[in-house]
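S.K.:
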Amino acid sequence: MKHIILNVVVFIFFSLMLIQAAELDKRAPDFTLQDYNGKTYKLSDFKGKYVVLEWINFGCPFVQKHYNSGNMQTLQKKYTENGVIWLSICSSAEGKQGYYTAKELANIAKEQGVNSTAYLIDESGEVGKLYDAKTTPHMYIINPKGNLIYAGAIDDVRSTNVEDVKTAKNYVSSVLNDCLAGKMVESAATTPYGCSVKYK
Amino acid sequence: MTSKQNGLIIFSLITLFLIPYSLFAQWDQQESHVDAQLLSEVKIVQPGGSFWVAVQLQMQDGWHTYWRNPGDSGLETTIDWELPEGFSASEINWPYPERIAEPPMVIYGYHDTIYLLTKISVNKDVAADQSVFLKAKISWLECEAVCIPGGAEIEVGLEVKNERMQINEKYTEIFANAHALLPIGSDGWKLQAVIEKNSLLIQAEAPTWFTGKPQKILFFPYSTNFINNVAEQTLSEQNRQFQLKIELAKMKPQIPDTIKGILVSESGWRGEGSEHAMEVIIPVSENLSSSAGIPLSGLNSVWLALLFSFLGGIILNLMPCVLPVLSIKIMGFVNQAHEERNKSWQHGMVFTLGVLVSFWVLAGVLLILKAGGAHLGWGFQLQSPAFLIVLSSFMFLFGLSMFGVFEIGTSLTAVGGKTQGKSGFGGSFISGITATIVATPCTAPFMGSALGFALTQPAWVSLMVFTFIGLGMSAPYVILTSIPAMLKFVPKPGRWMESMKQFMGFLLVATVVWLLWVLGIQAGSNVVVLVLFALLVTSIGGWIYGRWGHLAMPVRTRVISTTVAAILIIGANAYALANVEVYAVNSAQITQSNEGINWESYSEEAVQQAKLSGKPVFIDFTAAWCLSCQVNEKVAFSSEEVQNKFKELNIRTFKADWTSHDETITKALAGYGRNSVPLYVLYSGKEGSEPQLLPEIITPGIILDALKSLEYK
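Here the protein sequences come in this chain order: R and W. For the first sequence, this note's numbering begins at 16 and goes up steadily by one. For the second sequence, this note's numbering begins at 35 and goes up steadily by one.
#1: Taking Cβ positions only, does LEU333 (chain W) come closer than 7 Å to chain R?
#2: State the Cα-Cα distance for the pair ALA227 (chain W) and SER257 (chain W), rounded to the nearest angstrom.
#3: Report back the beta-carbon spacing between GLY191 (chain W) and SER165 (chain W) to the nearest angstrom; my notes put them in contact at under 8 Å.
#4: Answer yes if the stretch 91-101 of chain R comes into contact with the stretch 109-121 of chain R, meaning at least three C-beta pairs across the two stretches below 8 Å, and no otherwise.
#5: With distances taken from CA atoms, which of W:CYS663, W:ILE348, W:PHE253 and W:SER66 is nearest HIS310 (chain W)?
#6: So if I threshold CB-CB distances at 7 Å, which residues from the stretch 140-153 of chain R count as touching chain W?
#7: For my contact list, LEU215 (chain W) and PRO104 (chain W) are in at a C-beta cut-off of 8 Å; report their separation, rounded to the angstrom.
#8: Quick check: what's the CA-CA separation for GLY539 (chain W) versus TRP548 (chain W)?
#9: Taking 7 Å as the threshold (beta carbon to beta carbon), is THR206 (chain R) in contact with chain W?
#10: Quick check on DSSP: helix, strand or coil for TYR511 (chain W)?
#11: Using CA atoms only, rank isn't needed, just tell me which of W:LYS153, W:LEU297, W:ILE251 and W:LYS204 is closest to GLY220 (chain W).
#12: Applying the 10 Å Cβ sphere with the 16-neighbour rule, what's the burial state of PRO729 (chain W)?
#13: Classify ALA238 (chain W) as helix, strand or coil using the three-state DSSP reduction.
#14: If you draw a straight line from the alpha carbon of ASP40 (chain R) to that of ALA166 (chain R), how long is it in whole angstroms?
#15: Candidates W:ILE141, W:GLN92, W:ILE737 and W:GLN80: which alpha carbon is nearest ASN157 (chain W)'s?
#16: When we look at the beta-carbon of SER508 (chain W) and count the other beta-carbons within 10 Å, is it buried (16 or more) or exposed?
#17: Beta carbon of ASP163 (chain W), beta carbon of ASN263 (chain W): below 7 Å?
#18: What does GLU176 (chain W) pair with, by DSSP beta-bridge criteria?
#19: The beta strand (DSSP E) that contains ILE154 (chain W), what's its start and end?
#20: Which value, in whole angstroms, describes the spacing of the CA atoms of GLN277 (chain W) and ALA420 (chain W)?
#21: Is any beta-carbon of chain W found at less than 7 Å from that of CYS194 (chain R)?
#22: Does any C-beta atom of chain W lie closer than 7 Å to the C-beta of SER278 (chain R)?
#23: On the CB-based measure, 16 or more other CB atoms within 10 Å of its CB, does PHE46 (chain R) come out buried or exposed?
#24: Distance check for LYS645 (chain W) and PHE680 (chain W), CA to CA, integer angstroms please.
#25: TYR208 (chain R): buried (16+ other C-beta within 10 angstroms of its C-beta) or exposed?
#26: Does the beta carbon of LEU744 (chain W) come closer than 7 Å to any beta carbon on chain R?
#27: In chain W, which residues lie less than 9 Å from ARG42 (chain R) when you measure between Cβ atoms?
#28: Which runs of the beta strand (DSSP E) fall wholly inside the stretch 32-87 of chain R and span at least 3 residues, in chain order?
#29: For chain R, is any of its Cβ atoms less than 7 Å away from the one on ASN196 (chain W)?
#30: To which residues of the same chain is LEU225 (chain W) closer than 6 Å at the C-beta, ignoring the five residues directly before and after it?
#31: Taking any Cβ of chain W, which residues in the stretch 46-79 of chain R have a Cβ under 7 Å from it, in chain order?
#32: Between PRO76 (chain R) and CYS181 (chain W), which are expected to be in contact by the criterion C-beta below 8 Å, what is the C-beta distance as a whole number of angstroms?
#33: Are the C-beta atoms of LYS231 (chain W) and some chain R residue less than 7 Å apart?
#34: Indicate whether the contact test is met: 3 or more Cβ pairs, each with one atom in the stretch 170-180 of chain R and one in the stretch 138-146 of chain R, closer than 8 Å.
#35: Using only CA atoms, which one of R:MET87, R:GLN88 and R:ASN158 lies nearest to LEU195 (chain R)?
#36: Distance, Cα to Cα, MET285 (chain W) vs SER233 (chain W)?
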């Protein structure tokens with residue numbers, strides 16, 4: 016009897032996970048994560064606001080391209096000043112590239128001048144898998160209703176070359192600009208590029 | 035402690051503290067795990083020519099780089115060329131990738147060493163007698179657990195001269211192997227693609243020459259965000275078709291109008307051990323019903339094969355070896371038409387039965403031998419000296435009968451004691467068998483590929499194909515005999531029939547001469563003399579039978595003469611058959627070097643070696659009994675222009691003589707998807723991998739065109 020109950024519970028759990036997986040134009044799956052200071056952030060708390068999810072791994076050259084050029088920090092500053100919530104999420108497992116202790120992270124954030132709302136630690140990779148995050152960077156935009164409206168690459172030049180940032184068309188800012196200007200925005204997906212997320 | 039020292043310590047401490055965090059300058063100094071080199075296929079290039087270069091990427095253990103579509107993460111390798119004026123580079127020709135699983139992702143890339151091939155074309159106006167450098171800036175992403183962007187600027191030097199391009203022998207093998215990893219074209223494959231719900235269905239139907247079995251097939255698309263790279267691709271098979279079901283990407287897949295990518299099969303797309311990758315370009319069909327039509331179109335191809343078998347059978351009647359039989363039969367109809375008109379359709383049926391029974395016997399023998407593992411092709415009968423001897427004396431006797439030395443139909447009636455009403459039915463049946471037997475040498479070149487197809491099919495399809503050839507062959511007689519009105523157009527019997535009959539006798543004797551020539555090549559001239567002697571005795575037997583065995587003679591005389599004739603004919607042929615081995619000369623001793631082309635005799639090793647040496651290789655698969663082969667050789671290879679071109683291009687020429695049964699050659703033919711001769715194969719030498727198969731009927735023009743393609747490679 017115990018077994019049956021356990022099986023049913025496991026089954027329901029997995030079914031829920033399947034239902035929850037991120038999909039365009041659907042409710043973005045909720046999650047709760049902590050930043051390196053131990054502060055808890057819950058996605059559903061930001062209902063009514065645009066939310067950007069940025070998968071991050073400071074060891075990855077594709078991420079470095081956007082931080083060394085100052086591109087990512089500029090975007091973070093510009094949009095958070097306009098009321099957008101910007102959550103950088105690191106799904107690197109402990110011991111893998113991109114995993115840092117809280118102390119190390121505090122230093123990196125300072126050194127890099129990170130302007131995101133929060134840098135969240137997802138060492139179990141659960142949230143990453145929920146959103147099917149494949150690369151770093153991998154960008155998601157959630158509208159005030161809580162629906163996913165964009166998933167994919169940060170821009171259209173697949174490279175690690177810092178120079179390319181100037182000429183690339185930035186998908187995240189074009190979606191956000193339209194949203195903030197009150198235009199109708201059709202949901203979109205592009206192919207993300209970058210390092211693989213260093214899951215467990 | 036001085037303040038200076040203090041400062042130093044503080045500085046050191048700060049530096050130490052900072053090192054782990056100054057990540058952003060780190061990868062620039064990281065050692066690369068990939069070594070890049072630029073290799074050129076040639077040392078000397080000629081203005082107006084083109085050649086291959088390869089970017090060699092050597093990856094350390096565990097590290098990988100990416101294919102043109104990197105999959106779920108990563109970045110494709112790029113090459114930026116810096117070429118001298120007048121030089122241009124093609125796109126990268128990518129070897130097929132590995133599917134590398136990095137749960138929960140899948141990427142497409144390479145481990146170990148790979149060669150990215152690029153074709154460089156040199157403009158005609160480029161000045162000769164200069165040294166040039168081809169420079170390439172390569173960028174890649176190398177990944178193990180972590181990813182590091184890598185890059186290299188590499189170059190290779192070449193001489194431009196107004197002379198034939200000179201191959202760099204050092205790299206011949208590398209280039210040959212690299213080419214073998216490129217996807218081949220999908221010529222002959224019937225491909226369809228359909229989007230159904232969340233999946234892409236790719237359906238491929240094998241060409242008739244394909245005898246392999248595709249295994250563990252994977253589709254790699256050129257475009258990203260199209261398929262779900264992680265999901266398993268499922269393969270289903272039915273007859274000669276297979277269907278691959280591929281899940282689409284989860285988020286808004288971008289479905290192109292035309293599916294482009296490669297299919298990789300573990301077993302090879304041109305038979306076992308051949309190229310593993312095939313490039314496919316398939317327009318997406320909107321019609322979902324086509325995917326449900328697998329069994330139907332499989333059946334269609336069988337129907338089509340049967341239709342062609344039927345048509346082929348009809349055309350067979352016009353072949354030189356069948357024509358005499360045809361005319362005998364027509365004359366038979368003429369007789370019947372004017373004597374027993376209403377019985378004539380029955381003769382047509384009996385003739386058909388004779389044809390069918392002998393085709394079934396042939397098909398049965400072939401299938402049994404095939405099941406026993408023998409490598410046989412159509413026309414194999416003519417590889418047996420015994421068969422040739424029996425066929426010669428059979429044809430010769432037939433010829434004698436045409437000349438009027440003896441009568442066949444009447445005698446059979448007499449021997450069989452048949453009633454008058456059934457007169458000639460035995461004759462009709464036997465002429466059906468005869469027609470099939472004499473037709474076989476003609477079917478070999480004419481219907482080789484159709485019969486080759488038949489033999490790769492399940493037994494019942496093979497039997498159906500043979501049946502339809504037989505039906506086609508006898509169709510004209512059946513029509514002629516079933517519609518009495520048609521016979522009105524046949525002239526009345528008379529003297530012309532006798533003349534015609536005798537003339538056809540000469541055709542049969544000519545066939546005997548040809549058969550003996552084949553035999554001579556197989557077994558030498560002594561055997562031919564032996565058989566000629568047997569034929570002499572056979573003719574005496576025929577004469578005795580004709581002179582004293584006909585119905586006008588008393589029964590006693592008839593029995594004695596028939597017995598004597600039988601003893602002479604059977605005895606002479608039996609003697610010849612029994613002594614073939616004694617008189618036969620090993621065929622290997624006879625090598626031809628006619629036609630001004632230096633033919634080497636075929637062996638797998640010799641050809642392999644010639645291919646590796648970088649020289650172009652031409653292989654002529656032929657047999658003495660194959661008429662089209664002989665015609666081709668006379669027409670095409672005797673042309674002086676062709677001979678000169680062969681010499682000029684320094685082509686190694688091999689003759690694979692299939693006159694006698696030869697397992698190696700049978701296997702080699704199968705390797706090209708054939709089981710009959712003629713077959714002409716041209717290897718360009720430099721590219722190494724993909725041979726060019728020339729048509730079965732060749733002219734000097736066709737050969738010259740084919741050779742032209744070599745000149746600038």
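C-beta: ideal position from N, C-alpha, C; glycine also. This one's a predicted model, so the numbers in the text were calculated from it and none came from an experiment.
M.R.: Taking the structure as given:
#1: With a pLDDT of only 47 at LEU333 (chain W), under the threshold of 50, the placement of this residue in the model should not be trusted; the figure read from the coordinates follows. Not closer than 7 Å to any Cβ of chain R, the Cβ of LEU333 (chain W) fails to qualify, so no.
#2: ALA227 (chain W) and SER257 (chain W) have their alpha carbons spaced roughly 15 Å apart.
#3: Distance from GLY191 (chain W) to SER165 (chain W) at the Cβ level is roughly 6 Å; contact confirmed, criterion being Cβ atoms closer than 8 Å.
#4: Taking a cut-off of 8 Å for Cβ pairs, the stretch 109-121 of chain R and the stretch 91-101 of chain R do not touch, as fewer than three such pairs fall below it.
#5: It is W:PHE253.
#6: For the stretch 140-153 of chain R, which is checked against every Cβ of chain W, the residues closer than 7 Å are LYS144, ASP147, LYS149 and THR150.
#7: By a beta-carbon distance limit of 8 Å, LEU215 (chain W) does not contact PRO104 (chain W). Their separation comes to about 18 Å.
#8: Their Cα atoms are separated by approximately 14 Å.
#9: Yes, its Cβ sits closer than 7 Å to a Cβ of chain W.
#10: For TYR511 (chain W), the secondary structure class from DSSP, reduced to helix, strand or coil, is helix.
#11: Note that residue 220 (chain W) is Ser in the sequence shown here, rather than Gly. If we check each option's Cα against that of SER220 (chain W), W:LEU297 comes out closest.
#12: Result: exposed.
#13: Three-state result, ALA238 (chain W): strand.
#14: Looking at the two C-alpha atoms, the distance is approximately 11 Å.
#15: The closest CA to that of ASN157 (chain W), considering only W:ILE141, W:GLN92, W:ILE737 and W:GLN80, is found on W:GLN80.
#16: By the neighbour-count criterion, in which a residue is buried when 16 or more other Cβ atoms sit within 10 angstroms of its Cβ, SER508 (chain W) is buried.
#17: Their beta carbons are not under 7 Å apart, which means ASP163 (chain W) does not touch ASN263 (chain W) by this criterion.
#18: Within the DSSP secondary-structure output, GLU176 (chain W) pairs in a beta bridge with W:ILE182.
#19: In the DSSP assignment, ILE154 (chain W) falls within the beta strand (DSSP E) that extends over 147-156.
#20: Taking the straight line from one Cα to the other gives about 48 Å.
#21: It does not: the Cβ of CYS194 (chain R) has no partner Cβ on chain W nearer than 7 Å.
#22: Lying before the first or after the last residue shown, residue 278 (chain R) is absent from chain R, which here runs from 16 to 215.
#23: So PHE46 (chain R) counts as buried.
#24: PHE680 (chain W) and LYS645 (chain W) have their C-alpha atoms spaced approximately 16 Å apart.
#25: Buried.
#26: No, no contact with chain R.
#27: Those within 9 Å of ARG42 (chain R) in chain W number zero; the least Cβ separation is about 15 Å.
#28: Listed in chain order, the complete beta strand (DSSP E) runs (minimum 3 residues) inside the stretch 32-87 of chain R are 47-50, 55-57 and 66-70.
#29: When Cβ-Cβ separations below 7 Å define contact, ASN196 (chain W) makes no contact with chain R.
#30: ALA238, VAL314 and ILE316.
#31: Taking 7 Å as the upper bound on Cβ-Cβ separation, chain W lies near residues PHE73, GLY74, CYS75, PRO76 and GLN79 of the stretch 46-79 of chain R.
#32: With a beta-carbon spacing of about 6 Å, PRO76 (chain R) and CYS181 (chain W) fall inside the 8 Å limit used to define contacts.
#33: Chain R, which has no Cβ nearer than 7 Å to the Cβ of LYS231 (chain W), makes this no.
#34: At 8 Å Cβ cutoff, the stretches do not touch.
#35: Shortest Cα-Cα distance from LEU195 (chain R) to any of R:MET87, R:GLN88 and R:ASN158 involves R:ASN158.
#36: Straight-line spacing of the CA atoms in MET285 (chain W) and SER233 (chain W) works out to 13 Å.
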